[in-house]
Amino acid sequence: MNLLLFSLFAVAIWLMFSLYRSHNRRKAGMFLPVRSASIIKIHSYKSFGILATIRFKDEAVPKIGDRVCEQGSIYEITGVVSPDQEKLPIGQWDCRIVKV
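For the sequence shown, numbering that gives the first Met the number 0 begins at 0 and goes up steadily by one.
Right under this line is the structure:
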């Protein structure tokens, strides 16, 4: 009986600790800056994420880790496809993104 109570107590402590850590990680990620942009076209859904054309409001080059907000959903850029600037207008980039 004592062993059962002790194991339940240990599981409860471990569960509280893991929930605390995951909550702090989510809370810290909410304060990262989000760039002003709009997703123009989603090309494909792959196992590594979504390939999309994004138009950024500012002229800065997108970097891995930048966050974009589109219609209430936040996406994180996981890769930037090297652009053919002749085909794309200024401020548009093909990026790999994942929903956060």
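Using N, Cα and C, we set each Cβ at its ideal position, and we do this for glycine too.
From the options, residue whose alpha carbon lies closest to that of residue i
i     : options                       : result
Ile41 : Asp65, Glu69, Arg34 and Ser35 : Glu69
Thr77 : Met0, Val97 and Trp92         : Val97
Ala51 : Val33, Tyr74, Arg34 and Pro32 : Tyr74
Pro32 : Ile63, Asp93, Val67 and Pro88 : Val67
Val80 : Arg95, Pro88, Gly71 and Leu14 : Arg95
Ala59 : Tyr44, Arg34 and Leu7         : Arg34
Asp65 : Leu18, Phe16 and Val99        : Val99
Extent of the continuous beta strand (DSSP E) to which residue i belongs
i      : result
Ser102 : Here the chain covers residues 0 to 99 and nothing more, so residue 102 does not appear.
Ile39  : Ala36 to Lys45
Ala59  : No beta strand (DSSP E) contains Ala59, which DSSP labels as neither H nor E.
Ile96  : Gln91 to Lys98
Cβ-based burial, residue i [other Cβ within 10 Å; buried from 16]
i     : result
Pro61 : buried
Ala9  : exposed
Asp57 : exposed
Phe5  : exposed
Ala36 : buried
Phe55 : buried
Distance CB(residue i)-CB(residue j) smaller than 9 Å
i     : j     : result
Gln91 : Ile49 : no
The ligand MN heavy atom lying under 8 Å from the CB of residue i
i     : result
Val80 : The model on display carries no ligand, and the ligand MN is accordingly not part of it.
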